[in-house]
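Here's the structure, in structure tokens; my notes come after.
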Amino acid sequence: MVISTYTTAALRCPVCGKMEFYALSRFSMSDTERASINCECGANLLAMGRNKGKTYWLQVECSMCEDTHFFAFNYKELWSEKLLTLVCEETGVEIGFLGSRDQVRKNVQNMDKSVQDMAEELGYGEYFNNPEIMYKVLEHLHFIADEGKLYCSCGNQNLDVEVYPDRMELHCNDCEASGIVFAESFKDWETVRHMQEVVLKEGIFKYIDGKKPKKRSTRIKK
Numbered sequence: 002m003v004i005s006t007y008t009t010a011a012l013r014c015p016v017c018g019k020m021e022f023y024a025l026s027r028f029s030m031s032d033t034e035r036a037s038i039n040c041e042c043g044a045n046l047l048a049m050g051r052n053k054g055k056t057y058w059l060q061v062e063c064s065m066c067e068d069t070h071f072f073a074f075n076y077k078e079l080w081s082e083k084l085l086t087l088v089c090e091e092t093g094v095e096i097g098f099l100g101s102r103d104q105v106r107k108n109v110q111n112m113d114k115s116v117q118d119m120a121e122e123l124g125y126g127e128y129f130n131n132p133e134i135m136y137k138v139l140e141h142l143h144f145i146a147d148e149g150k151l152y153c154s155c156g157n158q159n160l161d162v163e164v165y166p167d168r169m170e171l172h173c174n175d176c177e178a179s180g181i182v183f184a185e186s187f188k189d190w191e192t193v194r195h196m197q198e199v200v201l202k203e204g205i206f207k208y209i210d211g212k213k214p215k216k217r218s219t220r221i222k223k
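For any residue, its number in the numbering used here is found by taking its place in the sequence shown, counting from 1, and adding 1.
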């Protein structure tokens with residue numbers, strides 16, 4: 002078995018949603034020191050330390066259930082070419098990988114399958130009024146979210162999303178801001194594809210579709 006001096010970690014940020022790659026060196030780990038990984042946005046992703054002997058512990062902030070998960074691996078597991086998969090204990094979904102750079106990148110690509118592939122596998126193809134437009138809009142919103150540009154003006158980046166046959170409804174649980182992104186016509190897609198970010202605002206119910214934006218925002222009455 003080949004023992005490497007470093008391993009590659011791929012983790013998705015629970016705050017901004019970005020998936021990034023990080024290198025961990027075994028020479029930076031002593032019996033008393035711990036290493037940590039932070040996202041570019043400042044959020045903590047992983048803490049790692051070494052127990053007595055050859056066992057390592059990992060503390061991972063989960064992007065799925067927003068809880069903290071703990072993992073333990075021995076020396077050979079962590080620093081070999083073997084791929085290690087980190088799984089959310091609550092949902093059973095893969096949340097990260099450790100291993101050789103090539104293996105980690107390959108598995109991240111497989112995990113980030115297209116929205117259309119996932120929808121077809123789940124049998125949702127006939128659910129949408131216009132599947133082609135819906136898939137395009139979903140893919141673009143997924144890209145915007147990965148860039149950390151789908152958020153609420155109150156600072157919340159974890160928006161709830163509900164998908165309907167003709168639209169998506171976005172909701173901020175912190176300030177109750179809401180928005181609708183329509184996805185059933187070519188004009189809807191033309192509007193969405195030119196957007197580089199989507200920002201909800203407190204007290205405003207925002208509409209995004211093929212109509213003029215100035216006519217599609219309504220202030221919420223309290």
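Glycine residues also receive a C-beta, built at the ideal position from the N, C-alpha and C atoms.
Quick caveat, the model's predicted, so the values are computed rather than measured.
Can you tell me whether residue i is buried or exposed? The criterion is at least 16 other CB atoms within 10 Å of its CB, across all chains shown.
{"i": "residue 97", "result": "buried"}
{"i": "residue 162", "result": "exposed"}
{"i": "residue 199", "result": "buried"}
{"i": "residue 218", "result": "Reliability fails at residue 218, whose pLDDT of 48 lies under 50, so the model's placement of it is uncertain and the value that follows must be treated cautiously. When all chains shown are included, residue 218 counts as exposed."}
{"i": "residue 173", "result": "buried"}
{"i": "residue 69", "result": "exposed"}
{"i": "residue 182", "result": "buried"}
{"i": "residue 152", "result": "buried"}
{"i": "residue 191", "result": "exposed"}
Can you name the residues that DSSP bridges to residue i?
{"i": "residue 179", "result": "172, 206"}
{"i": "residue 37", "result": "48"}
{"i": "residue 11", "result": "22, 98"}
{"i": "residue 71", "result": "60"}
{"i": "residue 103", "result": "DSSP lists no partner for residue 103."}
{"i": "residue 152", "result": "200"}
{"i": "residue 87", "result": "97"}
Could you spell out the range, first to last residue, of the alpha helix (DSSP H) harbouring residue i?
{"i": "residue 92", "result": "Counting along the chain, residue 92 falls outside any alpha helix (DSSP H), and DSSP gives it neither H nor E."}
{"i": "residue 147", "result": "132-147"}
{"i": "residue 189", "result": "187-194"}
{"i": "residue 165", "result": "Where residue 165 is concerned, there is no enclosing alpha helix (DSSP H), given that its DSSP letter is neither H nor E."}
{"i": "residue 76", "result": "76-80"}
Which residue from the options puts its Cα closest to that of residue i?
{"i": "residue 89", "options": "66, 75, 83", "result": "66"}
{"i": "residue 131", "options": "187, 86, 8, 171", "result": "187"}
{"i": "residue 51", "options": "68, 45, 43, 60", "result": "60"}
{"i": "residue 11", "options": "35, 47, 27", "result": "47"}
{"i": "residue 146", "options": "8, 73, 171", "result": "171"}
{"i": "residue 82", "options": "39, 197, 7", "result": "7"}
{"i": "residue 75", "options": "181, 27, 189", "result": "27"}
{"i": "residue 72", "options": "56, 80, 195", "result": "56"}
{"i": "residue 144", "options": "153, 102, 195", "result": "195"}
Beta carbon of residue i: closer than 7 Å to some heavy atom of the ligand MG?
{"i": "residue 165", "result": "What this structure holds is no ligand at all, so the ligand MG is not there to describe."}
Does the region 42-51 come close enough to the region 14-21 that 3 or more CB-CB pairs lie under 8 Å?
yes
Could you check whether the region 165-185 touches the region 199-208, counting it as contact only if at least three pairs of C-beta atoms, one from each stretch, sit closer than 8 Å?
yes
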